[in-house]
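One structure is given here, and the rest of the page talks about it.
Number of protein chains: 4
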Amino acid sequence: MTAETIGLGVLGAGRIGQIHARNIATRIPGARLAALYDPRPGVAEELGGQLGGANVHGSEEGLMADPAVDAVVICSSTDTHARLVEAAAAAGRPIFCEKPISIDLETVDRALEAVDRAEVPLQIGFNRRFDPNFREVRRAVEAGEIGKPEILRITSRAPSPPPLDYIAVSGGLFFDMTIHDFDMARYQTGAEPRSIYAVAGVRVDPRIGEAGDVDTAIVTIEFDNGVYCTIDNSRRAAYGYDQRLEFFGSKGMARAENDRPHRTTLSDESGVHSALPLHFFLERYQTSFRAELQSFVEALGSGRAPEVSGMDGRVPVLMARAANRSVAERRPVSLEEVDGR
Amino acid sequence: MTAETIGLGVLGAGRIGQIHARNIATRIPGARLAALYDPRPGVAEELGGQLGGANVHGSEEGLMADPAVDAVVICSSTDTHARLVEAAAAAGRPIFCEKPISIDLETVDRALEAVDRAEVPLQIGFNRRFDPNFREVRRAVEAGEIGKPEILRITSRAPSPPPLDYIAVSGGLFFDMTIHDFDMARYQTGAEPRSIYAVAGVRVDPRIGEAGDVDTAIVTIEFDNGVYCTIDNSRRAAYGYDQRLEFFGSKGMARAENDRPHRTTLSDESGVHSALPLHFFLERYQTSFRAELQSFVEALGSGRAPEVSGMDGRVPVLMARAANRSVAERRPVSLEEVDGR
Amino acid sequence: MTAETIGLGVLGAGRIGQIHARNIATRIPGARLAALYDPRPGVAEELGGQLGGANVHGSEEGLMADPAVDAVVICSSTDTHARLVEAAAAAGRPIFCEKPISIDLETVDRALEAVDRAEVPLQIGFNRRFDPNFREVRRAVEAGEIGKPEILRITSRAPSPPPLDYIAVSGGLFFDMTIHDFDMARYQTGAEPRSIYAVAGVRVDPRIGEAGDVDTAIVTIEFDNGVYCTIDNSRRAAYGYDQRLEFFGSKGMARAENDRPHRTTLSDESGVHSALPLHFFLERYQTSFRAELQSFVEALGSGRAPEVSGMDGRVPVLMARAANRSVAERRPVSLEEVDGR
Amino acid sequence: MTAETIGLGVLGAGRIGQIHARNIATRIPGARLAALYDPRPGVAEELGGQLGGANVHGSEEGLMADPAVDAVVICSSTDTHARLVEAAAAAGRPIFCEKPISIDLETVDRALEAVDRAEVPLQIGFNRRFDPNFREVRRAVEAGEIGKPEILRITSRAPSPPPLDYIAVSGGLFFDMTIHDFDMARYQTGAEPRSIYAVAGVRVDPRIGEAGDVDTAIVTIEFDNGVYCTIDNSRRAAYGYDQRLEFFGSKGMARAENDRPHRTTLSDESGVHSALPLHFFLERYQTSFRAELQSFVEALGSGRAPEVSGMDGRVPVLMARAANRSVAERRPVSLEEVDGR
C-alpha cells in the first residue's frame, strides 16, 4: 500500500461492485481500494470493513472529490452509468464503467463526448475479452496461426433465464445478453460489422414472450474484413453456462471450449462421464473480472490507452439495435441504417 | 451366395460405383454383385474380375433386363440420374440412386412421378445419414435425450476445393456441397424448412468466383417445428475434412465431432498434439457408404420403405434453390417461393 | 486374381480363422484365399462357399501340399500350433502362426529350430502391433519425438472374463492375456526385458481362483535399455475393452487412448457423456487383424523379414514364465532364470 | 474481522509461508492473519505490511504466546517442523504443519506423542488431497461409483528437477516427491499399505546419481483392502507438471487428468494442438493450498478432527523408508519391517 498504487473508488456495492472491490483490495497489484459508495445505508460500510477499510462516502460526488480516489469504477445500476461517466469525466477521473453505458445511443454518445472533452481514460467492462480461452483464440488469430480469418462461430447460452421482472427492464435479449457476443465478435475479428441478420423467438419460456422479449436467437454478421460471423443464443442450457467460439481461417481453426470445475471423468457401463461446464457466470468469468481491472490499472500506470475503449462500448449498442430491427423486418440491416450519426 | 440374396446391378464404375460394387461383393450380407455396366470399354470387366465375377453388360438397358438383377444402383454421372431412374422404374426395378437426382426441379419431379407410378422402392444416396456420429445424434434426439430440439449447428468444410473444371459443372456450392447439409438438417430435425437466409462469398480461391460460384457460406434455416439451423461451409480446411454438428434442446445437447485416424496424442514442450480429422470423404464416410446400401438391401428384403425417400431427394434441391436466391436478393427466401408446384 | 498374388492356405476355420480367411478373400491386395482346412466336417466348405471358392482339403498335409498354397496361415487350436509350424516348415511353406506357438518353451524352441533349418519366413500373430493407435506411438518413439524412452505404462483390461472352462486350459493370465502386453512392451521399447516383478490375485471372480488362476495383476519390467515398464491387467472392465498405453521420455510422452464407436457426446444436466470404448476385441482389433496379414503378404512379396519374428513369439513366453515365478516367490525374477537355454 | 474469526500465526515467510499468509489474509472466510514470524530480518514485517497488518514477532515462542494467535501454521524449513510442533503443542495451540514432520521416524513419533498428550488438533499439509480433480475421484470412489476398488495408477512427474544443492538435502526422491503420492494412495484407497516394491534409477541427470539420489521410479504397493497401486515418478517432464491418477474398480474407473491454463485448441495442417498442463506446482495446486487451510479453519471452528491427521503424516514416511529398502535389496518390503514400533 505504497504511494505508488492507484486508488480506486467503487460506485455501487451490488453483486458486481463487490467482486470488483474485493479484487481491488486483495488481488490486483498496483491498486488499492480507496473509497466506496452505495446508496443503500450501511452496505458500503460493511463491505469496506470486510476488506480492511476504505473511505465510505455518502454521495457519488463525495467519492469523486476524494483526493485518495485516482480513478472511479462504476458498478451502479445501468440507468446511472451515463450520468456517472459524465460526472467522473467532469471531475477529471479516469473511468472504468460496467457495460453498457446505456442502451440509448444518444445517451451513449453524450457520455462519450464528455469523456473525449475531458480527455480522461475510459474502459468499458466487457470482461469476456479477458477470459483465458477467448484471449488465447485472439492471440492465435493475431499471430497469424489460422491464416486469413473467414468464419467466426460464437455459442453463448445461459444456464437459465433471469427473473421475469429483470427481463422486463433488461432492454431485451440483444441488449442484455447478445451484446457480450457482439463485443466478442468485434474483439476477435478486429473489424467492424457491416450488416446483421437475426432470427429470434421464444423457445424457453412463453412468459418471456409475453414480456415482449425473445429467448432464442441466431445472428449472422458480415464484417468489413470479409469475416462471416454467426452467434447462437439461448436463455437456458440444461448443462450449464455454454460459452464457446471457434474462428476458422485459411490456415486453420482456433477453438475455445468451456471451462470445467475439474478434469475427472467416470467410466462405467453406461458411458464416459465428464464434468459439466461451470454453471454460473461469476465462476466462469472469475479470472476475467480480475484481469480486466488489472489491465485498467496497468493502462493508467503506463499511460497506454485502456484495452476496451468508449467506441467498443458504443458499437455493440448499434449492433443490438440492428438485430432488433432485423427481427422485426425480417431482413438484413446495415449498421449505417441504425446509426443516428 | 444363395438364392435368397438380392442381386444388385451397378450402373457406372467410377469412383463411387467402385466403392458400392466392392461393398456389395464383399461386405453386405444379403446382397450379391449381379451385374455391372460402364460406358468406358473394359472398365466394368476389370472391376468384375477383381470382385469374383458379375454379369457385364454393354448397355444400361441390358443390365436392367438381366433377370439376375433384382435392383439397380445408379452411380453414373449426375446428368444421367433422372433418365436412369425413369428407365429402372419402367423396368420395375427397385432403385438406389446417388444424389442428386438432378439439380433441375422439374426433372426431379418427372423422375419421382415415374417412380410413384411404377411403385418401386427408391433410396437416395444421402450417405451421411448413416455416419455413426450423426446417427448417434439423431438417436439421442429421437429418444428425447436433448428434450425439445431448438438450435442445430452444422459445420461442413472440405479439405480443399475440387478442380476448377468440376466447379464449372457442379451446379454451385449449394447444389454440390451444402445439399448434404440441407439433407442432414432435415434428417436431424425430422421437420421441413420454411425459409432460408444465406450469405456467401469467395474466400478460398478467386478463380472460383470467376467461374461464377462461391466457396464460403453461412446459411440460416427456420424449420416448421421451430428449430433454428445454421450451416457454415468452406471449400477448404487446412486441417482436414471438417464434418461436425451439434443439436441443442430444452434438456441438453448432442454433439458429433470428427473421426480421426488414431487416438494417440503427443505431449512435448510445445503442446499436446492430436491427429487431424480424416482428410478425405471416402475415408470419413467409408462406414456410411456401406451402411446405406446395407439399409437399402434390408428394406427390400423386409418390404419396409427405404430410409431416404424420393422426397428426401427433392427437398434439398429446393433448399439449394432458395439459398441461391437469398444470396442474390439479400433477403430470406421461403421454400414456397422456389417450389414450382 | 492374377498369377502374381500369393495364395494363402488357412488351417482352422474357427473364430479367428474365419476373420483371416475373409480378410484374405476380400480385403488384402496381393493375396488370394487358395485353400482351407478345418477338422469339423463341412465347416471349411461352407466358409469357402461364402468367400467365392477355395480348395477345401481333408487334411492338414493335403493343404500344405497343394501347389496353389504359397504360404500357410495357422489358426487352429493352440496345442496344434507347434506341430503345424514344423510340418509347414518341412513343406517349405512360409508361415503365419497365431500366438502363442506354445506355452511350453521347449516346444516353442523345437518349432523355431525347424523354421530356422527350413529357412522359411515366419510371422507370429501379435496383431496389436498393427493397431493404428499403438503403431502411432511406436512411430513417434522411433522418430525421436519423445526423446530417450524412460517409462512405459500399459493398461490392458478385458470387458469380461472368458468362460471358466476356457480359463482352465488357457495357461493362466500371464500366458493368455498379459502375453499380448509383454509383446507390446518389447515392440514399443525395441529392447529386451531383464527382470520382471509381478503381483497378482483374484478380484473378479473367486471361481477363477478355484481354477488355479488369477484375474488381476500388476507387472513391473526392467528393460535392458533402461526403460521401466508397468502393466496392469484385469479380466473385467465394466466400461469395455480397455487397451491403452503411454510412453514417456526425455522430450515428451506419446499416449494411445481407446477407440470408440462414435465421437458423439451428450451434455445434459447430469454431465457430459461420451461413448464407451469398443467392447469386443474383434471390433477393437479389426484393423490390426487385417494389417498384420497385409504386412505378412508384403514381406513375402518383397523378400523382407516378417515384422513379428519367431523370437518375438518366444520371448513373451519367457516373460510369462518369469511373471508366474515372481508371483509364486514374491520377488523379481530375471529372464535368464527361466530360460532353459 | 470480527471476534469470531480464528487468528492464525504463520511461522516462516518463505515461498509456501507467503502463500498461506496471503490466503489467510484475503481468501479464507473465518480466518484472519494474526501474527507472523520469520528468522530473516524484515521479511515478516514486509509481508505483514502487504497484507494489511499482523503482529510481527521476534521469536517463535513470542508468536506462540501471542493471545491473538488461536492456531499456528508451520511453514519453516523441514528440519524445524518437529521441534515447532512440540512447542506449539506445549503452548496448547492447534497446529497446521507443512509436510513432512520429519524424515526421521523417531522424530515424527516424538512430535506426534506431544500432540497426543496436549490433545491439540493437528493437520498435515498434504495439500493434494484438496485438489478438485483428485477430490472428485475420491468422492466417486466413496460413493461406490467405481464399485469395489481394485487398481490405482498414479502418475507424478515434475517439470524439471530441483537444484542439485536441494537434492542433496531433500532426503531423496521417495521422501521428497513420492511422499505426496504415498499420501495420495492412502487418501484414495482409504486403506493401509502392506508391502512396497520399487525400482528406481537415474535417467534425468547423472549428477542426481552422483548426489546419491535417483530421479525416476516405479513403485508397486499392495494395500490391506486388496487394492494394487502403482506409482510412476520422474523428476522431469518436458510437457509440464504431470499429475494424474486413475482408480479402477469392479463397476468402472475414475480418472483425473491434468489442469490446463485454457481450453483453446488450434487445428492446423500439422495437427490439433492443445495447451500443456500447468507447469508449476504453485499454479496447479493453487486451489488446494487454499482449500486445505480453509478445511483446517473449519475443523477448528466446528470441533471435528482435521482432514489430514498426524498418522497421515507418519505412514508416508514409513512408505518412503520401505521404498528405499526395496530398491537397495531388490525385493518387496513390508511396512512392518521398517516400522520402529
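Here the protein sequences come in this chain order: A, B, C and D.
Each residue of the first sequence is one higher than the last, beginning at 897 in our numbering.
Each residue of the second sequence is one higher than the last, beginning at 897 in our numbering.
Each residue of the third sequence is one higher than the last, beginning at 897 in our numbering.
Each residue of the fourth sequence is one higher than the last, beginning at 897 in our numbering.
All C-beta atoms, glycine included, are put in the ideal place defined by N, C-alpha and C.
On a predicted model such as this, the values are computed, not experimentally measured, just so you know.
- Residue contact check for L1174 of chain B against chain D: no CB pair falls below 8 Å.
- Per DSSP, Y1083 of chain D is one residue of the alpha helix (DSSP H) stretching across I1075 to T1085.
- Here G913 of chain B is buried: its Cβ has 16 or more other Cβ atoms, across all protein chains shown, within 10 Å.
- Rounded to the nearest whole angstrom, the CA to CA distance from R1049 of chain D to E1233 of chain C is 29 Å.
- In the structure shown, the three-state DSSP call for F1119 of chain D is strand.
- Within the DSSP secondary-structure output, N951 of chain A pairs in a beta bridge with A:A931.
- Closer than 8 Å to the CB of A1054 of chain A there is not a single CB belonging to chain C.
- Taking the C-beta atoms as reference points, Y1083 of chain C is found nearer than 8 Å to R1025 of chain C.
- Not a single CB atom of chain D sits nearer than 8 Å to the CB of E1046 of chain A.
- Nearest CB-CB separation between E956 of chain B and chain A: not below the 8 Å threshold.
- In this structure, B:R989 is the residue among B:L1231, B:T901, B:P1045 and B:R989 with its C-alpha nearest to the C-alpha of L907 of chain B.
- Cβ-Cβ distances below 6 Å link D1079 of chain D to F1022 and P1212 in the same chain, with the five nearest sequence neighbours on each side left out; the list follows chain order.
- Counting only the Cα atoms, A1133 of chain C lies some 13 Å from F1177 of chain C.
- In this structure R1180 of chain C is not in contact with T1051 of chain C, their Cβ atoms being roughly 13 Å apart against a cut-off of 8 Å.
- A contact is defined here as three or more CB-CB pairs under 8 Å, and the stretch 1036–1043 of chain A fails this definition with respect to the stretch 1009–1021 of chain A.
- Assignment of beta-bridge partners to N1129 of chain A by DSSP yields A:S1052 and A:A1113.
- Closer than 8 Å to the CB of L1189 of chain C there is not a single CB belonging to chain B.
- Pairwise C-beta distances place the stretch 977–996 of chain A in contact with the stretch 957–966 of chain A, as three or more of them are shorter than 8 Å.
- Counted as a single uninterrupted DSSP element, the stretch harbouring P1028 of chain B is not any beta strand (DSSP E) but the alpha helix (DSSP H) occupying residues P1028 to E1038.
- For P1028 of chain D, the C-beta contacts it makes with chain A under 7 Å involve P1157 and H1158, in order along the chain.
- In the displayed model, S973 of chain D falls within coil according to three-state DSSP, outside both helix and strand.
- The beta-bridge partner set that DSSP reports for S1166 of chain B is empty.
- Proximity to T974 of chain D across D:V952, D:A985, D:T1003 and D:V965 peaks at D:T1003, based on C-alpha coordinates.
- Residues of chain D with a Cβ closer than 7 Å to the Cβ of V1033 of chain A are, in chain order, T1160.
- Not a single C-beta of chain D is nearer than 8 Å to the C-beta of D1005 of chain A.
- Rounded to whole angstroms, I1117 of chain B and T1126 of chain A show a C-alpha spacing of 13 Å.
- Residues of chain B with a Cβ closer than 7 Å to the Cβ of D1077 of chain A do not exist; the shortest Cβ-Cβ separation is about 14 Å.
- Inter-residue distance for A984 of chain B and S1198 of chain B is about 21 Å (C-alpha atoms, whole angstroms).
- Within the stretch 965–1017 of chain A, the complete beta strand (DSSP E) runs of at least 3 residues fall at 967–970 and 991–993.
- Proximity of chain C to G1167 of chain A at the Cβ level (cut-off 7 Å) is accounted for by H1169, S1170, A1171 and L1172, in chain order.
- Under the criterion of beta carbons closer than 8 Å, E1046 of chain B and F1144 of chain B qualify as touching, at roughly 6 Å.
- Nearest neighbour of I1114 of chain A by Cα position, chosen from B:I1092, B:G1067, B:V1204 and B:R936, turns out to be B:I1092.
- In the three-state reduction of the DSSP assignment, T901 of chain D falls in the coil class.
- With at least 16 other beta carbons inside 10 angstroms of its own, N1029 of chain D counts as buried.
- Among the residues of chain A, those whose CB is under 7 Å from the CB of A1134 of chain C are D1164 and E1165, following chain order.
- About 14 Å separates the beta carbons of A940 of chain C and L904 of chain C, which is beyond the 8 Å limit, so they are not a contact pair.
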